[in-house]
Structure formats: C-alpha cells, structure tokens
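2 protein chains.
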Amino acid sequence: MQQLVKDLIQGNRRAAARLISLIENDDPQKRELLKDIYPHTGRAYVVGVTGAPGAGKSSLVDCLLQKMREDGLKVGVIGVDPTSPFSGGAILGDRIRMQEHALDQDVFIRSMGTRGSLGGLARATREAIQVLDAFGKDVILIETVGVGQSEVDIVKTADTTMVILTPAGGDSVQTIKAGIMEIADLFVINKADLPGSERTVTEINLMLDMKESDRWRPPVQPTITTRGEGIKELWDALQEHRRFMEESGQLMEIRRDRVRRELTEQVEYLVKNSIWNRVKEEISLDNLVENIVLREKDPYSAAHDVLAEINFFSESGKVSE
Amino acid sequence: MQQLVKDLIQGNRRAAARLISLIENDDPQKRELLKDIYPHTGRAYVVGVTGAPGAGKSSLVDCLLQKMREDGLKVGVIGVDPTSPFSGGAILGDRIRMQEHALDQDVFIRSMGTRGSLGGLARATREAIQVLDAFGKDVILIETVGVGQSEVDIVKTADTTMVILTPAGGDSVQTIKAGIMEIADLFVINKADLPGSERTVTEINLMLDMKESDRWRPPVQPTITTRGEGIKELWDALQEHRRFMEESGQLMEIRRDRVRRELTEQVEYLVKNSIWNRVKEEISLDNLVENIVLREKDPYSAAHDVLAEINFFSESGKVSE
Numbered sequence: 001m002q003q004l005v006k007d008l009i010q011g012n013r014r015a016a017a018r019l020i021s022l023i024e025n026d027d028p029q030k031r032e033l034l035k036d037i038y039p040h041t042g043r044a045y046v047v048g049v050t051g052a053p054g055a056g057k058s059s060l061v062d063c064l065l066q067k068m069r070e071d072g073l074k075v076g077v078i079g080v081d082p083t084s085p086f087s088g089g090a091i092l093g094d095r096i097r098m099q100e101h102a103l104d105q106d107v108f109i110r111s112m113g114t115r116g117s118l119g120g121l122a123r124a125t126r127e128a129i130q131v132l133d134a135f136g137k138d139v140i141l142i143e144t145v146g147v148g149q150s151e152v153d154i155v156k157t158a159d160t161t162m163v164i165l166t167p168a169g170g171d172s173v174q175t176i177k178a179g180i181m182e183i184a185d186l187f188v189i190n191k192a193d194l195p196g197s198e199r200t201v202t203e204i205n206l207m208l209d210m211k212e213s214d215r216w217r218p219p220v221q222p223t224i225t226t227r228g229e230g231i232k233e234l235w236d237a238l239q240e241h242r243r244f245m246e247e248s249g250q251l252m253e254i255r256r257d258r259v260r261r262e263l264t265e266q267v268e269y270l271v272k273n274s275i276w277n278r279v280k281e282e283i284s285l286d287n288l289v290e291n292i293v294l295r296e297k298d299p300y301s302a303a304h305d306v307l308a309e310i311n312f313f314s315e316s317g318k319v320s321e
Numbered sequence: 001m002q003q004l005v006k007d008l009i010q011g012n013r014r015a016a017a018r019l020i021s022l023i024e025n026d027d028p029q030k031r032e033l034l035k036d037i038y039p040h041t042g043r044a045y046v047v048g049v050t051g052a053p054g055a056g057k058s059s060l061v062d063c064l065l066q067k068m069r070e071d072g073l074k075v076g077v078i079g080v081d082p083t084s085p086f087s088g089g090a091i092l093g094d095r096i097r098m099q100e101h102a103l104d105q106d107v108f109i110r111s112m113g114t115r116g117s118l119g120g121l122a123r124a125t126r127e128a129i130q131v132l133d134a135f136g137k138d139v140i141l142i143e144t145v146g147v148g149q150s151e152v153d154i155v156k157t158a159d160t161t162m163v164i165l166t167p168a169g170g171d172s173v174q175t176i177k178a179g180i181m182e183i184a185d186l187f188v189i190n191k192a193d194l195p196g197s198e199r200t201v202t203e204i205n206l207m208l209d210m211k212e213s214d215r216w217r218p219p220v221q222p223t224i225t226t227r228g229e230g231i232k233e234l235w236d237a238l239q240e241h242r243r244f245m246e247e248s249g250q251l252m253e254i255r256r257d258r259v260r261r262e263l264t265e266q267v268e269y270l271v272k273n274s275i276w277n278r279v280k281e282e283i284s285l286d287n288l289v290e291n292i293v294l295r296e297k298d299p300y301s302a303a304h305d306v307l308a309e310i311n312f313f314s315e316s317g318k319v320s321e
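Chains as they are written, first to last, in my numbering: chain A, 1 to 321; chain B, 1 to 321.
1) I want to know whether the region 225-237 of chain B touches the region 255-264 of chain A - three or more CB-CB distances under 8 angstroms.
2) Decide if Tyr-45/B is buried, meaning its Cβ has at least 16 other Cβ atoms within 10 Å, or exposed.
3) Compute the minimum distance between the beta carbon of Leu-270/B and the heavy atoms of the ligand COA, and state whether it is under 7 angstroms.
4) Could you name the residues of chain A that Gly-42/B contacts, counting a contact when the two beta carbons are closer than 7 angstroms?
5) Cα-Cα, which of Leu-4/B, Pro-53/B, Arg-199/B and Leu-103/B is closest to Lys-30/B?
6) Tell me which same chain residues have a C-beta within less than 7 angstroms of the C-beta of Glu-240/A, skipping the five on either side of it?
7) Which of the three DSSP states is assigned to Phe-135/B in this structure?
8) In angstroms, rounded to a whole number, what distance separates the CA positions of Leu-322/B and Leu-73/B?
9) Could you give the first and the last residue of the continuous alpha helix (DSSP H) run that contains Ser-248/B?
10) Tell me, please, which residues DSSP counts as bridged to Thr-144/A.
11) State the Cα-Cα distance for the pair Val-306/B and Ser-248/A, rounded to the nearest angstrom.
12) Tell whether a beta-carbon distance below 8 angstroms holds between Ile-189/A and Thr-200/A.
13) Please report the residue range of the alpha helix (DSSP H) in which Arg-110/A lies.
14) Under the three-state reduction of DSSP, which class applies to Gln-2/B: helix, strand or coil?
15) Anyone know if the C-beta pair for Ile-140/A and Ile-78/A falls short of 8 angstroms?
16) Judging by CA-CA distance, which residue of Glu-281/A, Asp-286/A, Gln-266/A and Glu-265/A is the nearest neighbour of Glu-253/B?
17) Can you tell which of Phe-135/B, Leu-186/B, Pro-167/B and Leu-288/B has its C-alpha closest to the C-alpha of Val-155/B?
18) If you measure from the beta carbon of Arg-199/A to each beta carbon in chain B, is any gap under 8 angstroms?
19) What's the gap between the Cα of Met-112/A and the Cα of Ser-59/A?
20) I'd like to know if Ala-90/A contacts chain B, where contact means its C-beta is closer than 8 angstroms to some C-beta of that chain.
21) By the three-class DSSP mapping on this structure, what secondary structure does Pro-167/A have?
22) Rounded to the nearest angstrom, what separates Cys-63/B and Trp-276/B at their Cα positions?
23) From Ser-316/A to Pro-299/A, what does the alpha carbon distance come to, in whole angstroms?
24) How about Ala-303/A: is its C-beta nearer than 8 angstroms to some C-beta of chain B?
25) According to DSSP, simplified to helix, strand and coil, what is Gln-266/B?
26) Do you know how far the Cα of His-40/A is from the Cα of Glu-246/A?
27) Straight-line CA distance for Ile-129/A to Val-279/B?
28) If we define contact as Cβ-Cβ less than 8 angstroms, is Phe-312/B a contact residue for chain A?
29) Beta-carbon separation of Gln-2/A and Leu-33/A under 8 angstroms?
30) Alpha carbon to alpha carbon, what distance is there between Gly-42/B and Leu-288/B?
31) Using the rule of at least 16 other Cβ atoms within 10 Å of the residue's Cβ for burial, across every protein chain shown, is Gln-236/A buried or exposed?
32) Ordered along the chain, which non-local residues of its own chain (more than five positions away) have a Cβ less than 7 angstroms from that of Val-61/A?
33) With DSSP as the reference, label Leu-73/B as helix, strand or coil.
34) With distances taken from CA atoms, which of Asp-138/B, Thr-160/B, Lys-272/B and Arg-18/B is nearest Phe-312/A?
35) Could you tell me if Arg-215/A is buried or exposed, where buried requires 16 or more neighbouring beta carbons within 10 angstroms of its beta carbon?
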C-alpha cells in the first residue's frame with residue numbers, strides 16, 4: 001500500500017486533501033489509490049443536502065455539523081457546486097461561516113466544482129466520499145446546489161437525502177421539480193419565519209400523503225437556522241431515518257445497488273480502455289471520419305466497421321454481436 | 001428506409017415531431033432511424049443561444065427568428081432546459097410569445113427537458129438537430145438555459161454560439177463563468193437600456209482583447225429586444241461569423257471533430273452492449289457484488305475478474321489488457 005493511503009488511514013489531514021485533489025485531477029494513479037483505500041471504507045454514513053440557491057443550505061449544514069460534533073461524531077463536509085468550475089479549499093459562498101470548525105481537527109471541509117463534465121463531478125464526489133470514509137469520518141455531509149438532474153446524480157450517493165425548501169410565498173409548491181420529490185428522505189422548510197411557511201408545510205405533507213408509502217414517509221421539518229429553531233428536531237429525524245434504513249435492511253440494499261453500479265462502471269472503463277488501445281494500434285479513424293463527414297457513411301455503420309476491423313465480434317464467437 | 005423517415009424528408013411536420021419523441025424516449029428503433037436520417041443531414045447551420053435565466057433568451061431568439069424568416073430561411077428552434085423534466089410542445093417560459101410563428105409552416109419549435117441524465121439530454125439534442133436538418137431547416141436555433149457545464153455540453157453542437165448577458169449593474173463581469181467565456185462566438189448584452197450597460201460592454205471587450213485571438217474575435221453586441229434595437233446588427237454579426245467559419249475552413253474542422261466524437265460514442269455503445277449481453281449469459285454478478293459490499297474485494301479488481309471470466313483479455317491476444 002502506498003504511503004499516502006497509509007497516512008490517510010492514520011488520520012493525516014494533508015493526505016486526505018492531497019488524495020481528493022488527485023481524484024479531481026483524474027491522476028493516473030487514481031485507480032490504484034482507490035483500490036488501496038477501498039478495504040477501509042463502508043463505515044461512514046452519507047447525508048446529502050440539496051436545494052435551490054438561497055435556500056440556506058450552508059447555514060443548515062453548519063447547524064447540523066454543530067449537533068453532530070456535540071454528539072462526538074467526526075464529520076466530513078463536501079460542498080459540490082455543479083455550476084462552478086472552481087474547487088478546493090473553502091470557496092463555496094458562505095463557507096466562510098464555517099471557519100469556526102476549521103480549527104476542529106475532527107471536521108474536514110472541502111469544496112468541489114465541475115472541472116470536466118457533470119458526470120465526472122458525480123464520480124469525483126463518490127470517490128472523495130471514499131477518501132473521507134477511510135479517513136475515519138463518521139458522517140459525511142454532501143451539500144449540493146440544486147440545478148436539476150446534476151444534483152440528483154450527486155445525491156444518489158447519499159444514505160439519507162435532505163431537500164431544503166423555503167416557504168413558497170405566493171408560489172405553489174407545484175414548482176418542486178419532479179426528480180427532487182423522488183429523492184427526498186427528509187424535507188426541510190427553512191426560513192420558516194417567512195410568510196407562507198405553514199401553507200408550504202401543509203402542501204408538501206398533502207403531496208406526500210397522496211403517494212402510497214410502503215416504505216418511509218418523509219417528514220417535513222420547518223427550521224429557522226438564524227435562531228437555531230427546528231435543528232434538534234431535524235437532527236432527530238435524520239437519526240430516525242438512519243435507524244429505519246439500517247433496521248429495515250434498506251441501507252444494505254441501496255449500498256448493494258451502488259456497488260453494482262460501481263462494478264458496472266469499472267467493467268466499462270476497462271473495456272473501453274482496452275478497445276481504444278487496440279484501435280489506436282491497428283487502424284486510423286481518419287478515413288472513416290472523412291467518409292462520415294461527406295455523408296458516404298453513417299456513424300452507426302462506421303462504428304460497426306471499426307469493431308469488425310479489430311475482430312471484436314468474430315473472436316471464436318466469444319464476444320457476439 | 002422506413003416510412004417515417006420518408007415522410008420527414010418530404011417535409012411532414014408530424015413525422016418530425018414523432019421522430020423527436022422517439023429519440024427522447026430512447027426508442028429501440030432509434031439507431032435504425034438515425035441511420036436512415038443521416039445521409040440527409042449536413043445542410044443546416046446550427047446556432048446555440050445560451051445565458052442565465054432572465055437574460056431574455058426567448059425574446060432574442062424570437063427577434064432573430066423573424067430576421068431569418070424575412071430572409072426566407074426555414075428555421076427550427078429547440079428549447080433545451082436542463083433544469084426541467086418536461087419536454088415536448090411549447091412549454092418553455094415565454095414560448096407563448098412565439099405563437100405567431102406557430103402557424104408558419106417553415107418554422108418548427110420544440111422544447112426538450114431532461115428525462116434521464118444530462119448527458120442523455122445533450123445527446124437527444126444532437127439527435128433532434130439531425131431530424132430538423134433532414135427535415136429541411138436551413139438554420140437550427142438551440143436555446144438553452146445557462147446552468148454550468150450542462151449547457152456547455154449542449155452548445156458544443158452549435159456552429160455559432162451566442163452568449164446572452166445583461167448589464168452587470170453593480171456586479172462586475174468577473175462573475176461570467178469560465179466555461180462560458182470560452183464557448184462564445186458572439187456576446188449579446190441584452191436589456192441594454194438598463195444601467196451599467198456601457199460599462200459591461202467595455203469590460204467584456206477588454207477581457208476579449210486580453211486573450212490572444214489568432215482566430216475569431218467575438219463581437220459584443222448590445223440589444224434591446226423590446227424595441228428591436230441591435231437585432232439587425234446581431235443578425236449581421238451572426239452571418240459574418242458563419243462566413244468566417246466557412247471560409248477559414250473551421251466549420252469543416254469542428255464538424256469533423258464532432259463526427260469523430262460521435263463515432264467514438266457509437267463504438268463504445270456497441271462494445272458495452274456486446275459485453276453486457278455476454279456477461280448476462282455467462283456469469284452472475286451477485287456473488288461479486290456481495291464480496292465488494294463486504295469489502296472482501298474492491299470494485300477495481302472485481303471488474304477485472306468479470307472480464308477475465310468472459311475471456312475478454314486472453315482471446316488469442318487479440319484484445320489486450
């Protein structure tokens with residue numbers, strides 16, 4: 001095992017930071033490092049926090065972080081901003097408020113932005129979670145800005161997902177995005193001192209009651225982070241969901257699904273790598289590209305030709321069409 | 001060739017609408033249909049329009065659409081909203097304003113939302129462009145809401161990309177996202193009657209002058225869509241960029257790159273399909289998944305085992321590790 005991973009497991013903060021940077025930069029060593037890290041993971045509980053910009057996610061994460069620390073839990077926070085190309089350090093908007101925790105050795109805070117594709121960001125987040133898990137964090141909070149599908153992909157990694165809304169005011173709750181409704185295990189109505197708060201809570205409860213819920217019925221918790229109101233109740237609800245997940249066997253189930261997805265991705269990664277190495281060695285795509293550009297061939301038939309050329313299909317019938 | 005594609009090429013609107021729906025729903029027939037469509041594509045010029053919510057994209061697209069119609073061009077408009085799960089028909093915000101064009105047989109307007117992943121949306125958009133191209137549209141306008149990486153992926157398909165900004169007011173232009181700056185061929189400062197307009201134009205021009213531009217220096221055009229101001233100039237600038245792209249050979253170059261990406265994606269699609277069919281036939285992943293869940297194995301080594309099991313690597317050395 002490499003020294004960096006040893007350092008990580010012994011609780012070296014700089015090793016954790018460095019490993020996450022290597023992951024973000026898609027370092028060639030990444031796979032080997034993750035392989036060494038993997039046996040040391042599986043202990044941390046992952047909580048996803050998502051919501052529209054301005055919903056007060058950071059303040060809420062801050063409040064929860066405090067509660068967790070009071071209970072003696074070691075906490076990692078990953079702030080993910082799919083709209084920002086920046087990453088590293090503490091750049092997310094009001095992350096400055098978290099400075100009090102910055103001196104706390106048992107808290108690790110990190111921001112990640114989109115460097116490459118959004119898909120890449122979701123992957124890097126999953127890998128950063130592994131690092132913080134092996135680093136010994138008990139809980140890992142993933143805070144992500146709500147911008148549609150991207151945050152849905154990111155929070156898929158969470159064991160409990162919290163969706164933060166604010167009182168709808170004049171608006172109807174109907175504007176909640178379809179995908180968001182499905183991923184929420186807990187609803188938080190933050191800034192509950194704003195007008196329309198009670199109506200929003202009622203409306204969401206009604207929406208939730210309309211769905212048949214053989215499993216878990218998400219609670220709807222109003223909070224006012226500025227006064228610390230509702231935080232204890234939220235922390236209780238979060239722990240209750242965790243207990244539910246563990247006792248019902250669903251935690252094991254979603255983690256198994258996640259492992260299956262991960263395995264699938266890794267298989268495809270190896271296959272793609274191998275195929276392209278082979279193609280690079282044996283054929284040039286230039287002529288084929290030219291044929292497609294000139295509409296003499298379509299990309300679908302051309303793809304088939306490429307694979308025929310490297311005998312991908314015919315191999316003693318082993319890999320069939 | 002299938003009847004639906006024949007109808008499309010003969011200019012049947014319902015065929016166009018139906019084909020785009022099939023694409024969105026990832027219909028099993030999709031690949032065959034796209035294969036038939038492909039030889040009839042390559043004529044349309046694709047213009048991407050992106051910018052933050054509220055920048056006035058729809059109004060601007062509306063104004064440009066009118067100019068294009070005055071020049072006798074047939075136009076397709078695809079409104080892409082990565083934050084919305086909705087699609088079809090005319091749902092995008094103020095798309096209602098476009099109703100005057102709805103009766104115009106030479107205009108085709110369509111909205112697309114994110115059904116599956118964002119990656120899927122970018123792909124579906126590319127495929128919808130192919131449909132409208134074969135349908136006989138001269139220009140295809142892609143209007144997309146700016147939410148970070150996702151719209152960058154979507155406008156990558158455009159031959160000319162227009163970025164719509166509004167006067168920064170108190171803010172500095174610095175907040176323009178890094179990725180956006182790189183993709184813009186034309187900058188539009190819309191709502192140029194708002195305070196700070198001139199300063200915004202100046203600042204962006206300064207930023208553009210700082211970059212060495214051996215190729216194309218994006219112009220910065222102020223517009224006031226409510227009064228139709230700056231639209232003619234914008235349309236001229238757009239045509240000038242098109243001429244530049246054609247005459248410099250860059251249009252051919254970016255289209256070649258696009259074809260290469262498309263071919264790559266298709267090859268990987270075929271390979272993945274083939275591998276998973278093979279895996280499904282021969283081995284069960286359940287035990288392996290269980291081993292990974294229990295940390296007896298890591299996903300990286302397990303992926304390797306899967307491929308070894310189906311003899312992916314060893315095949316007379318044909319596909320090498």
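From the three backbone atoms N, C-alpha and C, an ideal C-beta is built for every residue, glycine too. This one's a predicted model, so the numbers in the text were calculated from it and none came from an experiment.
With the given structure in hand:
1) no
2) Tyr-45/B should be labelled buried.
3) You won't find the ligand COA in this model; it holds no ligand whatsoever.
4) Arg-295
5) Leu-4/B
6) none
7) Assignment of Phe-135/B by DSSP, reduced to helix, strand and coil, places it in the coil class.
8) The structure shown does not extend to residue 322/B, since chain B is modelled only from 1 through 321, so no value can be given for it.
9) Here Ser-248/B belongs to no alpha helix (DSSP H), and DSSP marks it neither H nor E.
10) As a beta-bridge residue in DSSP terms, Thr-144/A pairs with Thr-50/A and Val-80/A.
11) Distance between Val-306/B and Ser-248/A, taken at the CA atoms: about 31 angstroms.
12) Between Ile-189/A and Thr-200/A, the C-beta gap is smaller than 8 angstroms, which places the two residues in contact.
13) For Arg-110/A, there is no enclosing alpha helix (DSSP H); the enclosing beta strand (DSSP E) has its first and last residue at 107-113.
14) coil
15) yes
16) Asp-286/A
17) Leu-186/B
18) no
19) 18 angstroms
20) Unreliable positioning characterises Ala-90/A in this predicted model, as indicated by a pLDDT of 40, which lies under 50. The coordinate reading is nonetheless provided below. False, the Cβ-Cβ gap to chain B never drops below 8 angstroms.
21) DSSP places Pro-167/A in coil when its eight states are reduced to three.
22) 49 angstroms
23) At Ser-316/A the pLDDT is 41, less than 50, meaning the model places this residue with poor confidence and gives no usable figure here.
24) yes
25) helix
26) Distance between the alpha carbons of Glu-246/A and His-40/A: 20 angstroms.
27) 29 angstroms
28) True, the Cβ-Cβ gap to chain A drops below 8 angstroms.
29) yes
30) 47 angstroms
31) The sequence shown places Asp at residue 236/A, rather than the Gln named in the question. By the neighbour-count definition (other C-beta atoms within 10 Å, threshold 16), Asp-236/A is an exposed residue.
32) Val-49, Val-77, Leu-141 and Glu-143
33) coil
34) Looking at the Cα atoms, Lys-272/B is the closest of the given residues.
35) exposed
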